[in-house]
Every structure is written in C-alpha cells, then in structure tokens.
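Residues 44 to 361 in this note's numbering are what the sequence shown spells out, letter by letter.
Heads up, the thing below is written out as structure tokens.
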Amino acid sequence: MSFYTRLNKSFENAPRLPLNDCTKYVLFSDCHRGAGTNNDNFLKNQNLYFAALQYYYRTGYTYIELGDGDELWENRSMKQIIEAHGDIFSLLSLFHRQGRLYMLYGNHDMIKKDRRYAVRNCSIYPCCCGNNPHLERQPLLPDIKFYPGIILENTSARRIRPDILREEAVLEHTPPAPKDVYLTHGHQADFFNSTLWRFSRFLVRYLWKPLERYGVLDPTSAARNYTKKQKTELLLHHWAEQEKHILITGHTHRPALSAADNFYYNCGSCVHPYSITCLELEHLHIRLVKWTLAAKPDMSLYVAREVLSESVPLISSE
C-alpha cells in the first residue's frame, strides 16, 4: 500500500466537524506523555502544556490532538501515564464532558485504534477519595474514540451554491471561498512508522529507549532524522497539493505555517527543548503559537503565549 493510499484511507468515513466564523479549534500533536520517568520527554514541558490547556479551556476552544499524545512505544501501561499526568488528564476530561475534545492516533499510540483498548484504558481512572483508602473508579474519557483522521468542513462556504460563488468571485473580485481542512498525524507518509509500526515499536522499546539514557537518539525517527523529516513532509505536501486540500499534521515535530503555502501545515510538538507549539483556528484563519517560559522585569517567571506567524486565511488555493 502506497503512502497516497494510506492517507486516502485515513479520511474514509472520517468525522466531519463544522468550520465557520464561530468555531475555535486548537491543534496539538506529539505530546508523547510518558510515565514520569527519565525517559519521559514530555516531563520538561508539562507545566507549559497545562497552562496552555487551561487557557484554551477558559477561552472556549475545542481541543484536537493529532496523534502521539501518549508515548506507548516506550511505555506499556496507559495507567501509569495517566497517573503521572493526572492533572492534565483531569483537564482533558473537562473538555470531553463539554464535547470539546477529539483525539487522533499516531504511530506511537497506534494501539488506541483498537476500540477495546480505548474503553479499557481511557474511560475511567482510579481515584482515592478523602480518607477512604480504597480506590474508586471515576469517569475520565468515557466513550472516547481515537480516529485516523478528521475533516473540518467549511460550513460557511456551503451557504451559497458553488457556481454562484465562482461567478461572484469573477464579477466582484471577491476572495476565494474557504475550504475544508484535513487533519491526520502524518505517519502515513512514513513506511517504517506506519506499515512496519510494530517492528519500529520493538526497536524503540528494546534498543533505542535504553540507549537514549546515554544520549543516543533514534536515527529512524522522522522527528530526529533531518533527511527522513524532509522526505516525509514532501510526501505530505504532495498529497495535499494533488488532492487540493489543506492538510495539517504532526509527526515530524517541525512546526510549519506560511501564507505562501495553501496546502500543508504542521503543529510542531510538545517536546521541543524549551517550548511547545500548536495551531489555533479562529474566524476562518490559522496561526502558529508557541508557549514558553518568560521572565518579567522583576525576574519572576510566567508562561508566555507568543504568536509566531501572522494569521493565514483558510482559503482555496485555486
């Protein structure tokens, strides 16, 4: 199966969410939440992520995670990950209760595509209440589903017939109509991390994880191998250009947003050395945002939200 077929398959029967002037989405990818050990690459940015999550919850965004949210190649137990980052999962649970949480799976959490695994490991969590030493089971993400892809369907563009819209664009020089946005993790363009993901997981779990303690990074990872990263991004861009879609992914950990490119964007990741990045979609525009630690004049520290690029309109490139 070619990368093109794998990407097409990811959007078969994909859920469609509305995209219009009133919708607000924030897209994160590649959190790689771990078990709180020395190998947990998310650990250094957990406070930045939690602060960002609080901001998006308060301001009414819908949270969409584009895969590799949890590191299930290096770790076998989802329960340990939830326990290590309980405050974050509690906040994600609040998003879920309000219907503002959507999750995709990537190569590092591919196992979540098994519905039984998701129900067994993500629906509830043990909670010790008060002085009661017995653990009680509390709702976490009940009925959560993990998808290979999601489509943000531009409902505003469909209020007018396409033929009328094109005629108006010609006669009145109106801007092109906004278009649908396709969301997936992006590992589909990487044969080693899609078709051979079980073999890749074996290598990471039993070879690269122990070596990581000594500073040896996985050379097969698209996030750490520049040549592999570039090849993967070129394939993703090629698919988007051929299909005439806006495609947003993660996987390579390299954030990408440019007004000159109306096809391919990337969220980046939450495991950058000193920051996390995400994409905000609001008023049919998209912007790249970085969350980092900054200092005030009195030398007190705070979590800063920094817009890295001007808002790019989600319009057709045709």
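Even glycine gets a Cβ: it sits at the ideal position worked out from N, Cα and C.
Please read these numbers as outputs of a predicted model, since none were measured by experiment.
Same chain, Cβ closer than 7 angstroms to residue i, neighbours up to 5 away in sequence not counted
| i | result |
| --- | --- |
| residue 151 | 75, 111, 114, 115 and 116 |
| residue 345 | 337 and 339 |
| residue 282 | 47, 50 and 290 |
| residue 325 | 67 |
| residue 193 | 57, 58, 60, 107, 145, 147 and 226 |
| residue 128 | 76 and 89 |
| residue 237 | 49, 150, 230 and 231 |
Nearest-angstrom Cα separation, counted from residue j out to residue i
| i | j | result |
| --- | --- | --- |
| residue 246 | residue 240 | 10 angstroms |
| residue 202 | residue 294 | Residue placement at residue 202 is flagged as unreliable, the pLDDT there being 48, under the threshold of 50; a coordinate-derived value is accordingly withheld. |
| residue 363 | residue 312 | The structure shown does not extend to residue 363, since the chain spans only 44 to 361, so no value can be given for it. |
| residue 349 | residue 229 | 25 angstroms |
| residue 204 | residue 56 | Legend: pLDDT at residue 204 = 48, less than 50; position of this residue unreliable, value from coordinates given subsequently. Computed Cα separation, rounded: 24 angstroms. |
| residue 108 | residue 144 | 8 angstroms |
| residue 183 | residue 165 | 7 angstroms |
| residue 189 | residue 298 | 23 angstroms |
| residue 176 | residue 168 | Residue confidence is low: residue 176 scores 48 on pLDDT, short of 50, so the model does not pin down where it sits. No coordinate-derived value is stated. |
| residue 334 | residue 94 | 9 angstroms |
| residue 357 | residue 280 | 16 angstroms |
| residue 231 | residue 156 | 14 angstroms |
| residue 118 | residue 199 | 43 angstroms |
| residue 132 | residue 158 | 19 angstroms |
| residue 140 | residue 149 | 23 angstroms |
| residue 126 | residue 79 | 9 angstroms |
| residue 248 | residue 161 | 21 angstroms |
| residue 285 | residue 69 | 26 angstroms |
| residue 341 | residue 186 | 47 angstroms |
| residue 153 | residue 327 | 31 angstroms |
| residue 31 | residue 318 | Beyond the ends of the chain as shown, which are 44 and 361, falls residue 31; an answer cannot be given. |
| residue 142 | residue 105 | 8 angstroms |
| residue 138 | residue 101 | 10 angstroms |
| residue 163 | residue 253 | 29 angstroms |
| residue 72 | residue 300 | 15 angstroms |
Identified DSSP bridge partners for residue i
| i | result |
| --- | --- |
| residue 247 | Partner(s): none; residue 247 has no beta bridge. |
| residue 113 | 76 |
| residue 348 | 334 |
| residue 133 | DSSP output for residue 133 lists no bridge partner at all. |
| residue 184 | Answer is none; residue 184 lacks a bridge partner. |
| residue 59 | 194 |
| residue 321 | 332 |
| residue 365 | Residue 365 lies beyond the residue range present for the chain, which begins at 44 and ends at 361; the question has no answer from this structure. |
| residue 356 | 328 |
| residue 342 | DSSP, once it has assigned bridges, lists no residue as partnering residue 342. |
| residue 309 | 292 and 299 |
| residue 162 | Bridge partners of residue 162: none, in fact. |
| residue 224 | 195 and 289 |
| residue 146 | 108 and 189 |
| residue 124 | None; residue 124 has no bridge partner. |
| residue 168 | 181 |
Residue environment, residue i, which counts as buried when at least 16 other CB atoms sit within 10 Å
| i | result |
| --- | --- |
| residue 64 | exposed |
| residue 44 | exposed |
| residue 214 | For residue 214, the predicted model reports a pLDDT of 46, less than 50, meaning its position is unreliable; a value from the coordinates is still stated below. Its Cβ having fewer than 16 others within 10 Å, residue 214 is exposed. |
| residue 355 | buried |
| residue 275 | buried |
| residue 103 | exposed |
| residue 343 | exposed |
| residue 91 | buried |
| residue 99 | buried |
| residue 250 | exposed |
| residue 130 | exposed |
Contact set for residue i: own chain, Cβ-Cβ below 8 angstroms, skip 5 residues either direction
| i | result |
| --- | --- |
| residue 196 | 59, 60, 61, 62 and 223 |
| residue 353 | 302 and 330 |
| residue 136 | 182, 183 and 184 |
| residue 53 | 191, 192, 227 and 231 |
| residue 120 | 78 |
| residue 315 | 88 and 296 |
| residue 123 | 78 and 79 |
Cut-off 6 angstroms between Cβ atoms - residues of its own chain near residue i, not counting five sequence neighbours on either side
| i | result |
| --- | --- |
| residue 320 | 298, 311 and 333 |
| residue 134 | 96 |
| residue 351 | 331 and 333 |
| residue 323 | 69, 330 and 332 |
Requested in this report: Determine, using beta-carbon pairs with one atom in the region 85–92 and one in the region 271–288, whether at least three such pairs fall under 8 angstroms.
Outcome: By the criterion of at least three beta-carbon pairs nearer than 8 angstroms, the region 85–92 is not in contact with the region 271–288.
Query raised in the report: If we count Cβ pairs, one from each stretch, closer than 8 angstroms, do we get three or more for the region 280–293 versus the region 306–325?
Result: With the cut-off at 8 angstroms, the region 280–293 and the region 306–325 touch.
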